[in-house]
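Asks:
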Amino acid sequence: MRPVFATDPRRAMAPTLLLVAALALGACQSRNAGLETDPMATGSTSPAGPLAGTGGQPATGSFRRTELLAQQFSADPSNVKVGLDYAKNLEEMGQTDQQVSVLKSVAVAHPNDGALQAQLGKQLLKMGRVGESIAMLERSAAQPGADWKTLSALGTAYDQQGNYQQARAKYQAALALKPNQLSVENNLGMSYAMEGKLPDAEKILRAASAQPGADAEPRVRQNLALVVGLQG
Numbered sequence: 002m003r004p005v006f007a008t009d010p011r012r013a014m015a016p017t018l019l020l021v022a023a024l025a026l027g028a029c030q031s032r033n034a035g036l037e038t039d040p041m042a043t044g045s046t047s048p049a050g051p052l053a054g055t056g057g058q059p060a061t062g063s064f065r066r067t068e069l070l071a072q073q074f075s076a077d078p079s080n081v082k083v084g085l086d087y088a089k090n091l092e093e094m095g096q097t098d099q100q101v102s103v104l105k106s107v108a109v110a111h112p113n114d115g116a117l118q119a120q121l122g123k124q125l126l127k128m129g130r131v132g133e134s135i136a137m138l139e140r141s142a143a144q145p146g147a148d149w150k151t152l153s154a155l156g157t158a159y160d161q162q163g164n165y166q167q168a169r170a171k172y173q174a175a176l177a178l179k180p181n182q183l184s185v186e187n188n189l190g191m192s193y194a195m196e197g198k199l200p201d202a203e204k205i206l207r208a209a210s211a212q213p214g215a216d217a218e219p220r221v222r223q224n225l226a227l228v229v230g231l232q233g
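Our numbering applies: residue 2 is where the sequence shown begins, and numbers increase by one.
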């Protein structure tokens with residue numbers, strides 16, 4: 002059945018499908034939205050050491066390291082390197098709520114550190130705490146030297162709220178800093194698609210897929226095919 006984008010309640014089917022694709026948004030929209038593995042990330046600190054153990058369980062060394070970092074962080078909660086190392090280790094152990102608490106403590110101690118605000122905002126976004134994420138990412142974006150990845154993350158957050166115009170403004174700002182960035186152009190196109198503006202989405206995704214290097218960003222062509230298919 003062809004999707005309908007009017008008052009028909011079935012119109013929700015297409016945005017749902019598109020949202021699934023959009024959550025891959027330029028790799029930012031991988032489940033790691035906000036850390037080193039993600040193009041919208043500001044990066045993380047030194048690795049926390051080996052974590053893989055037998056049976057898929059974390060290695061004992063990671064627990065020892067976590068305990069050590071917890072002691073160091075407790076002694077000096079304003080230490081950025083210790084705090085980020087501790088937060089990274091907690092994330093790799095699946096302790097995301099505690100990770101956010103640590104990141105918040107460090108960010109409060111350094112209110113003018115835009116990179117810290119961005120990392121916290123991206124982690125909150127990854128956890129689905131979109132409103133909190135936007136507050137932190139907007140604070141980071143207001144700092145001098147805000148990067149395109151932070152702006153792209155903001156676009157993602159606004160898209161998740163259904164605030165598509167605001168999202169696209171952030172993507173455009175990101176592209177002003179990083180022209181022709183395929184992950185951001187993919188996000189921009191999918192933002193139009195999620196709003197039901199499929200011809201606009203197709204135009205953007207088609208232009209992105211024609212760029213040199215587009216083969217390295219397969220989501221662009223996959224999403225283009227999806228958008229074209231949804232138009233029948």
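From the three backbone atoms N, C-alpha and C, an ideal C-beta is built for every residue, glycine too.
Using only the alpha-carbon positions, how far apart do aspartate 216 and methionine 94 sit?
Replies: 34 Å
Asks: Looking only at its chain, what residues have a beta carbon closer than 7 Å to the beta carbon of tyrosine 172, apart from the 5 residues adjacent to it on each side?
Replies: Ser153, Gly156, Val185, Asn188, Leu189, Ser192
Asks: Please classify glycine 192: does DSSP put it in a helix, a strand, or coil?
Replies: The displayed chain sequence assigns serine, not glycine, to residue 192. Reduced to three states, the DSSP call for serine 192 is helix.
Asks: Might you give, ordered along the chain, the residues of its own chain that have their beta carbon closer than 6 Å to the beta carbon of threonine 67, omitting 5 neighbours on each side?
Replies: Here the set comprises Asn90.
Asks: For asparagine 224, is the classification buried or exposed, using 16 other Cβ atoms within 10 angstroms of its Cβ as the cut-off for buried?
Replies: buried
Asks: By the 10 Å Cβ neighbour count, where 16 or more other Cβ atoms means buried, how is alanine 202 classified, buried or exposed?
Replies: Counting the other CB atoms within 10 Å of its CB gives alanine 202 a total of 16 or more, which places it among the buried residues.
Asks: In whole angstroms, give me the CA-to-CA distance for threonine 17 and methionine 195.
Replies: Bear in mind that a pLDDT of 46 at threonine 17, under 50, signals an unreliable position, so the model cannot answer this.
Asks: Consult DSSP for glutamine 72 and reduce its assignment to one of helix, strand or coil.
Replies: helix
Asks: Assuming the contact rule is C-beta atoms closer than 8 Å, leucine 199 and glutamine 166 should be a hit. Round their C-beta distance to whole Å, please.
Replies: In this structure leucine 199 is not in contact with glutamine 166, their Cβ atoms being roughly 17 Å apart against a cut-off of 8 Å.
Asks: Looking only at its chain, what residues have a beta carbon closer than 7 Å to the beta carbon of glutamine 99, apart from the 5 residues adjacent to it on each side?
Replies: Leu91
Asks: Can you have a look at aspartate 77 and say buried or exposed, based on whether 16 or more other CB atoms are within 10 angstroms of its CB?
Replies: exposed
Asks: Give me the Cα-Cα distance between arginine 220 and leucine 70, rounded to the nearest whole angstrom.
Replies: 38 Å
Asks: Within 10 Å of its beta-carbon, does alanine 116 have 16 or more other beta-carbons around it, so buried, or fewer, so exposed?
Replies: Buried.
Asks: May I have the straight-line CA-CA distance separating asparagine 181 from serine 210, to the nearest angstrom?
Replies: 11 Å
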